[in-house]
Structures are given as C-alpha cells and as structure tokens.
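Going line by line, the protein sequences match chains A and B. Each residue of the first sequence is one higher than the last, beginning at 52 in the working numbering. Each residue of the second sequence is one higher than the last, beginning at 52 in the working numbering. The C-beta atom is built at its ideal place from N, Cα and C for all residues, glycine as well. Remember, it's a predicted structure, so these values are computed and weren't measured experimentally.
2 protein chains.
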Amino acid sequence: MSEPLDPMMFSGCGPVPLHIRFGNKWTGKILACLKTGRRRFSELQVPLRGITPKVLAESLRGLERDGFIKRTTYPGVPLRVEYELTPLGFSLLEPMEAWCKWAEEHLPEVQNIHEEATARSAV
Amino acid sequence: MSEPLDPMMFSGCGPVPLHIRFGNKWTGKILACLKTGRRRFSELQVPLRGITPKVLAESLRGLERDGFIKRTTYPGVPLRVEYELTPLGFSLLEPMEAWCKWAEEHLPEVQNIHEEATARSAV
DNA sequence: CAGTATCCCAGAGGATACTG
DNA sequence: CAGTATCCTCTGGGATACTG
Numbered sequence: 052m053s054e055p056l057d058p059m060m061f062s063g064c065g066p067v068p069l070h071i072r073f074g075n076k077w078t079g080k081i082l083a084c085l086k087t088g089r090r091r092f093s094e095l096q097v098p099l100r101g102i103t104p105k106v107l108a109e110s111l112r113g114l115e116r117d118g119f120i121k122r123t124t125y126p127g128v129p130l131r132v133e134y135e136l137t138p139l140g141f142s143l144l145e146p147m148e149a150w151c152k153w154a155e156e157h158l159p160e161v162q163n164i165h166e167e168a169t170a171r172s173a174v
Numbered sequence: 052m053s054e055p056l057d058p059m060m061f062s063g064c065g066p067v068p069l070h071i072r073f074g075n076k077w078t079g080k081i082l083a084c085l086k087t088g089r090r091r092f093s094e095l096q097v098p099l100r101g102i103t104p105k106v107l108a109e110s111l112r113g114l115e116r117d118g119f120i121k122r123t124t125y126p127g128v129p130l131r132v133e134y135e136l137t138p139l140g141f142s143l144l145e146p147m148e149a150w151c152k153w154a155e156e157h158l159p160e161v162q163n164i165h166e167e168a169t170a171r172s173a174v
C-alpha cells in the first residue's frame with residue numbers, strides 16, 4: 052500500500068489486469084461515448100467509426116458482465132435498447148483522463164522522437 | 052481541449068494510442084521495475100517472472116525507440132548493459148499510478164461483481 | 001551476460017451475410 | 001433496430017535452442 056506502482060500491483064488488478072482490460076481498440080472509446088448519457092446500439096456505431104456490429108456487441112456484453120455499463124431493453128417494434136454507464140463505469144473516467152492529460156502534455160515530445168526515429172531508419 | 056475524454060483523443064495519442072501502447076502484458080511492469088534505478092537485462096528477468104529473453108528484448112527495444120528508456124553498454128567481458136528511465140519514461144508513472152489507485156479503491160467491488168457473474172453462470 | 005533465431009498458437013478484431 | 005453466425009487474418013507472446 053505504501054509503494055504504488057509495485058510491479059505486483061499490475062497482476063493484482065482483478066482477473067484480468069486493468070491496463071489490459073482497457074488496452075484494446077474499442078473499450079475506452081465506448082465508455083467515452085457513454086459519459087454524456089445513455090445511447091442506443093446504433094447511436095454508438097456512429098461515433099465509433101468502423102466498428103462492426105459483432106465487435107460492438109461483444110464489447111458491450113463484456114462491459115455489462117463486468118459491471119461497467121447497464122443494458123436496458125424497451126419492448127416494442129422496432130426494438131429499443133439503451134446502454135448507460137454504472138457508477139463503477141463512471142469511476143473509470145478518472146484514470147482514463149490521466150492518460151489524456153499525459154498525451155496533451157507530452158504528445159509534441161513523443162512526436163519529435165518518432166520523427167527522429169523515422170529519419171534515422173530512412174538513412 | 053475543453054473536453055477531456057473526447058472519443059477522438061484516444062486516436063490522437065501518437066502513432067499508436069497510448070492506452071494500447073501500454074495495454075500489453077509487460078510494458079508497464081518493465082517501467083515499474085526501472086522506476087527505482089538502472090537495471091541490467093538479467094536483473095529485469097528476475098522480477099518479471101516468466102518473461103522470455105526474446106520478449107524482454109523486443110519490449111526494451113520498443114521502449115528505447117519511443118524514448119521511454121535509455122540503453123547504455125559497458126564494453127568488456129562479460130558484457131554489461133544497463134537500462135534506465137528517461138524523463139519522459141518517468142512521466143508515465145503518473146497515469147500508471149492513476150490505474151493503480153483505481154484498482155485499490157474499486158477492486159473489492161469488481162471482485163464481487165465477478166463472483167456474482169460466476170455464480171449466475173454456474174446455475 | 002545479453003541477447004538472436006525459429007517455430008508455434010490463441011485470441012482480438014475485421015468482412016460479409018443473415019435474423020427475431 | 002439490434003443484434004448473430006461464419007470465416008479469416010494478423011500479431012502478441014510463449015517454447016526452445018543457439019551465439020557474439
């Protein structure tokens with residue numbers, strides 16, 4: 052508890068380490084899309100340009116199973132389903148913002164390094 | 052800039068989004084092992100239980116290429132090589148600690164949810 | 001000591017088509 | 001509308017063995 056960032060902490064973040072659970076292409080974006088309120092399946096597909104229905108459905112199932120979002124169905128035709136963040140899901144926004152803050156502060160530096168590396172390998 | 056966590060930010064985190072760059076099995080652990088000082092290749096293999104030399108070498112080269120660590124060789128026999136965090140590498144510890152903080156605060160809740168899900172699927 | 005060289009596999013995720 | 005069903009590819013990462 053006194054030593055944050057002990058290597059062991061990374062393997063202690065639940066059944067799947069936290070940074071791996073969210074270290075994929077869509078999970079973080081889905082949560083970000085839900086932070087302003089409930090959204091329907093098709094409403095999520097718009098901002099998440101390029102996601103296929105299969106992958107979106109799989110991702111949503113996983114987030115629901117882990118308690119990060121809640122799924123509500125409204126019977127009727129046409130079918131209506133809405134997804135929203137749970138309090139636990141909202142709490143994830145904080146660590147996610149830490150990454151964004153880092154990116155804002157260090158992105159120019161990172162890009163310089165990347166350009167230099169590209170230039171070197173082009174020689 | 053006014054809207055942190057805009058979905059677009061995730062795709063703007065460098066050539067590879069930040070959360071994906073560090074959303075793998077070893078990268079974060081390697082940085083954590085280096086936060087207390089320089090380490091040799093074989094010294095890293097000890098805390099990183101189970102990592103193969105191939106994967107460790109690949110990971111270190113990637114971190115070096117991206118400017119997060121610095122590699123120093125000391126000629127002689129036997130060969131001596133040391134790795135250390137750069138200032139940029141150190142700066143990553145902050146967002147990584149945000150994940151650990153989240154885990155500390157929410158892990159019990161996450162585990163409850165996981166156990167309930169396991170119990171449900173066992174019915 | 002500090003790595004390379006091969007081979008291999010599971011799973012994330014895309015393309016496409018179909019359905020209650 | 002809100003998904004499923006198939007099929008396929010690509011790559012992170014492991015096992016094992018070898019080298020300057």
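Taking a C-beta cut-off of 9 Å against chain B, the contacting residues of the region 126 to 147 of chain A are L139, S142, L143, L144, E145, P146 and M147, listed in chain order. The beta carbon of B:E133 sits closer than 6 Å to the beta carbons of R89, R91 and T123 from its chain, once the five residues preceding and following it are set aside; these are given in chain order. The straight-line gap separating the alpha-carbon atoms of A:D117 and B:P138 is approximately 36 Å. Listed along chain A are D117 and G118, each with a C-beta nearer than 7 Å to that of B:I164. By the C-beta criterion, the region 154 to 163 of chain B is judged not to be in contact with the region 73 to 88 of chain A, since fewer than 3 inter-stretch pairs fall below 8 Å. In the three-state DSSP reduction, B:R116 falls in the helix class (H, G or I). For the options B:G127, B:A149, B:I120 and B:S142, the alpha carbon positioned closest to that of B:E135 is the one of B:I120.
Ranked by how close their Cα comes to the Cα of A:G140, the residues B:L82, B:I164 and B:L144 have B:I164 in first place.
In the structure shown, A:T78 falls within a helical segment according to DSSP collapsed to helix, strand and coil. When 7 Å is used as the limit between beta carbons, A:G88 is near no residue of chain B, the shortest such separation being about 14 Å.
Residue ranges of uninterrupted alpha helix (DSSP H) with 4 or more members, entirely inside the region 94 to 169 of chain A and ordered along the chain, are 104 to 116 and 138 to 142. Contact of B:A173 with chain A is not assigned, every C-beta pair being separated by 9 Å or more. For A:R72, the enclosing alpha helix (DSSP H) stretches over residues L69 to R72. Contact with chain A is found for B:A154, since one of that chain's Cβ atoms lies less than 9 Å from the residue's Cβ. In the structure shown, B:R89 adopts coil according to DSSP, grouped into three states. Within chain B, no C-beta atom comes less than 8 Å from the C-beta of A:A108; the nearest is roughly 18 Å away.
Around the beta carbon of B:V161, a 10 Å sphere encloses 16 or more other beta carbons of the protein chains shown; the residue is thus reported as buried. Residue contact with chain A for B:F73: present (Cβ-Cβ distance below 9 Å to some residue of chain A). With a 10 Å radius around the Cβ and a threshold of 16 neighbouring Cβ atoms, B:A83 comes out buried.
Chain A has a Cβ within less than 9 Å of the Cβ of B:A168. Using a 10 angstroms sphere on the CB of A:S110, the tally of other CB atoms reaches 16 or more, which defines it as buried. The Cβ of B:K121 sits no closer than 9 Å to any Cβ of chain A.
When Cβ-Cβ separations below 9 Å define contact, A:E160 makes contact with chain B. A straight line joining the alpha-carbon of B:P68 with that of B:G127 spans about 39 Å.
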